[in-house]
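Notes to accompany the following structure.
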Amino acid sequence: MAAIGVHLGYTCGCVAIFKDGRADVVANDAGDRVTPAVVAYRETEQIVGLAAKQGRIRNAANTVVKVKQILGRSFDDPEAQKHKAQSKCSVVNKDDKPKYEIDTGDSTKLVSPDDVAKLIFKKMKETAQSALGSDVNDAVITVPFEFGEAQKNALRQAAEVSGFNVLRLIHEPSAALLAYGIGQDSPTGKSHVLVYKLGGTSLSVTVMEVNSGLYRVLATQSDGSIGGESFSEALAQYLASEFKKSYKHDITGNPRAMLKLMNSAEVAKHTLSTLGSSNCFVDSLFDGMDFDCNVSRARFELVCSTLFNKSIQPIKNLLDQVGLSTNDVSKVVLCGGSAKIPKLQQMIRDLFPDVELLNSIPPDEVIPIGAAIEAGLLLGRDALEEDSITVDCCAKDILVKEADDSGADIYTVLLPSGTPLPARRQHVLQSPGSLSSVCLELYQSQGHNCSIEEKLAQIVLKDLESKEENHDIVTVLTMKRDGSLHVTCMEQGSGKTEAVTIDVAS
Numbered sequence: 065m066a067a068i069g070v071h072l073g074y075t076c077g078c079v080a081i082f083k084d085g086r087a088d089v090v091a092n093d094a095g096d097r098v099t100p101a102v103v104a105y106r107e108t109e110q111i112v113g114l115a116a117k118q119g120r121i122r123n124a125a126n127t128v129v130k131v132k133q134i135l136g137r138s139f140d141d142p143e144a145q146k147h148k149a150q151s152k153c154s155v156v157n158k159d160d161k162p163k164y165e166i167d168t169g170d171s172t173k174l175v176s177p178d179d180v181a182k183l184i185f186k187k188m189k190e191t192a193q194s195a196l197g198s199d200v201n202d203a204v205i206t207v208p209f210e211f212g213e214a215q216k217n218a219l220r221q222a223a224e225v226s227g228f229n230v231l232r233l234i235h236e237p238s239a240a241l242l243a244y245g246i247g248q249d250s251p252t253g254k255s256h257v258l259v260y261k262l263g264g265t266s267l268s269v270t271v272m273e274v275n276s277g278l279y280r281v282l283a284t285q286s287d288g289s290i291g292g293e294s295f296s297e298a299l300a301q302y303l304a305s306e307f308k309k310s311y312k313h314d315i316t317g318n319p320r321a322m323l324k325l326m327n328s329a330e331v332a333k334h335t336l337s338t339l340g341s342s343n344c345f346v347d348s349l350f351d352g353m354d355f356d357c358n359v360s361r362a363r364f365e366l367v368c369s370t371l372f373n374k375s376i377q378p379i380k381n382l383l384d385q386v387g388l389s390t391n392d393v394s395k396v397v398l399c400g401g402s403a404k405i406p407k408l409q410q411m412i413r414d415l416f417p418d419v420e421l422l423n424s425i426p427p428d429e430v431i432p433i434g435a436a437i438e439a440g441l442l443l444g445r446d447a448l449e450e451d452s453i454t455v456d457c458c459a460k461d462i463l464v465k466e467a468d469d470s471g472a473d474i475y476t477v478l479l480p481s482g483t484p485l486p487a488r489r490q491h492v493l494q495s496p497g498s499l500s501s502v503c504l505e506l507y508q509s510q511g512h513n514c515s516i517e518e519k520l521a522q523i524v525l526k527d528l529e530s531k532e533e534n535h536d537i538v539t540v541l542t543m544k545r546d547g548s549l550h551v552t553c554m555e556q557g558s559g560k561t562e563a564v565t566i567d568v569a570s
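Position one of the sequence shown corresponds to residue 65 (this note's numbering), numbered consecutively onward.
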């Protein structure tokens, strides 16, 4: 039975098939193993992938890129506002949700990010089916570790609407480990693995603990200000300066010319990952003038030197944060298309001289391959003990709010992010005996920043008997593998109990 793993990134999508005991990425109709996550709208049709990306120069206002950045977010969300500022396609507010404004020729129509994502997933499904020659529905979809519940749900729903039966959402770092079978060959003993992902628009570094075949996220750091596009932009700026030297024209203020240079720079960047030099030729770049320039790998590395340093710094920060040295890491896994860059790989090797650097699987294929392996395991779970393969974990901190003696609010973390699921925690809350009711509030936050993001539940114990000593409220939290959280509060003296179940994650 075939199953598939789908990775929808910010700039590209990729699909892998698990069949006959192995996982392989499949090529799309253009023969590429990675498909640009770009959707172009024309009067009567929608175009997905490479053709949409190539036509963006002429159709920028009706071409949607980086939809994952805005998926499942409100219009006022900082990420949505950042996307709005960067998007050539107009983003407007409709019922507090961001929508793309598309010009159909006769009129304008509003398109939701969910509809855009659905078209990309549909393309992934068609790619898988054409490779198999048959219909395939069962899939595991990857999500960034830092995604909130609204983003996860939006991603799942877009996949389901496009025809997938979503077996599970799997965190990208866990998929990367599964792709290399880390912890599966020798299931005993504890080790630390660093997952380094440099995608098109963001960088994320994650430290994972592998223990008896189970994965646990210790800490992760993301930087949305650097990605593969940053390198392409730096190279495009260099090419613009070379054009100015030759033709005495500054084209940096011309969006169409810069988009052409950006496309040429991106092709050159990919070429320089395997060859020592690349020729950049742009037909009719400005005022009918063609541009031809040769770029060496050494020149590219010089132009992007600050970006390389910026790409390495989060590794050091993260190791400091979790109290590990480079010697405490047993393996480094590379993923994300931009992790192919030779200079970057060399800098990581220099940082971890005695550590195995895993890059035998193309970095932009690692995550979908891991997802496909997980899909295969789930479909064959009757013959396998799923718990010995991988483990879900709590994506965010779960906290309880209480007041100290001065009345100030204090938050206590009961389930830290990265806690393997299922998990159970008990907490005793003391409240003055004079109170006849006690209110307990639960929140979730994004980890170490402790910025409270969302109130999950409020539980009130009423009609408590007044007494001189404190009320002791025993709170038991149980989080299941599917992310649902069951909370029970009991006042020890009277045995009065309240309980609630919350769907924290899908």
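The beta-carbon is built from N, C-alpha and C at its ideal position, and this holds for glycine as well.
- The Cβ-Cβ distance between Pro142 and Lys117 does not fall below 8 Å.
- The C-alpha of Gly212 lies about 30 Å from the C-alpha of Leu408.
- Judged by DSSP in its simplified three-state form, Asp354 adopts strand.
- Here the alpha carbon of Ser548 sits roughly 6 Å from the alpha carbon of Ile566.
- Within its own chain, the residues whose Cβ lies closer than 8 Å to the Cβ of Ser389, once the five positions on either side in sequence are excluded, are Leu383, listed in chain order.
- Under the three-pair Cβ rule at 8 Å, the stretch 147-158 counts as touching the stretch 116-136.
- In this structure the stretch 307-320 does not touch the stretch 289-298; the number of beta carbon pairs closer than 8 Å is below three.
- Burial check for Asp428: the Cβ neighbour count within 10 Å reaches 16 or more, so the residue is buried.
- In summary, Arg413 is exposed, with fewer than 16 beta-carbon neighbours lying within 10 Å of its beta-carbon over all protein chains present.
- Within the model, the alpha-carbon separation for Glu330 versus His491 is close to 53 Å.
- Counting only unbroken stretches of 4 or more residues, the alpha helix (DSSP H) elements lying wholly within the stretch 71-145 are 114-118, 120-123, in sequence order.
- With a threshold of 16 other beta carbon atoms within 10 Å, Gln556 falls short and is exposed.
- Nearest neighbour of Gly77 by Cα position, chosen from Ala67, Gly85, Val89, turns out to be Val89.
- In the three-state scheme derived from DSSP, where H, G and I count as helix and E and B as strand, Leu233 is classed as strand.
- The beta carbon of Lys526 sits closer than 6 Å to those of Ser501, all from its chain and outside the five residues before and after it, given in chain order.
- Residue environment for Leu442: buried (at least 16 other C-beta atoms within 10 angstroms of its C-beta).
- Partner residues in the beta bridge of Lys261, as assigned by DSSP, are Ser268, Cys399.
- Straight-line spacing of the CA atoms in Gln301 and Thr316 works out to 8 Å.
- With respect to Val112, Lys163 sits apart: the two C-beta atoms are not nearer than 8 Å.
- Per DSSP, the beta-bridge partners of Ser341 are Ser360.
- Residue pairing for Tyr164: DSSP places it in a beta bridge opposite Val155, Val175.
- The beta-carbon distance between Ser266 and Ser286, rounded to whole angstroms, is 6 Å. This is short enough to meet the 8 Å contact definition.
- Residue pairing of His550 in beta bridges, as defined by DSSP: Thr542, Thr565.
- In the assembly as shown, Ile474 is an exposed residue. Its beta-carbon has fewer than 16 other beta-carbons within 10 Å.
- With a beta-carbon spacing of about 7 Å, Val397 and Tyr260 fall inside the 8 Å limit used to define contacts.
- Short of 6 Å from the beta carbon of Gly264, and not among the five residues preceding or following it, lie these beta carbons of its own chain, in chain order: Tyr74, Thr75, Gly291, Gly292, Glu293.
- Listed as beta-bridge partners of Arg220 by DSSP are no residues whatsoever.
- Judged by their CB atoms, Leu528 and Ser558 are nearer to each other than the 8 Å cut-off.
- Exposure of Val156 is indicated by the presence of fewer than 16 other C-beta atoms within 10 angstroms of its C-beta.
- For the 8 Å CB-CB criterion, Asp356 and Phe364 do not form a contact.
- The stretch 418-445 is shown to contain whole alpha helix (DSSP H) runs of 4 or more residues at 430-443, in chain order.
- Rounded to whole angstroms, the Cβ separation of Ala223 and Gly69 is 12 Å, and the two are not in contact under 8 Å.
- For Glu505, the uninterrupted beta strand (DSSP E) run begins and ends at 502-509, by DSSP.
- Ranked by Cα distance from Asp170, the first of Ala563, Ile121, Glu107 is Glu107.
- By DSSP's assignment, Ala487 forms a beta bridge with Met543.
- Annotation: Phe185 to Gly95 spans about 18 Å, alpha carbon to alpha carbon.
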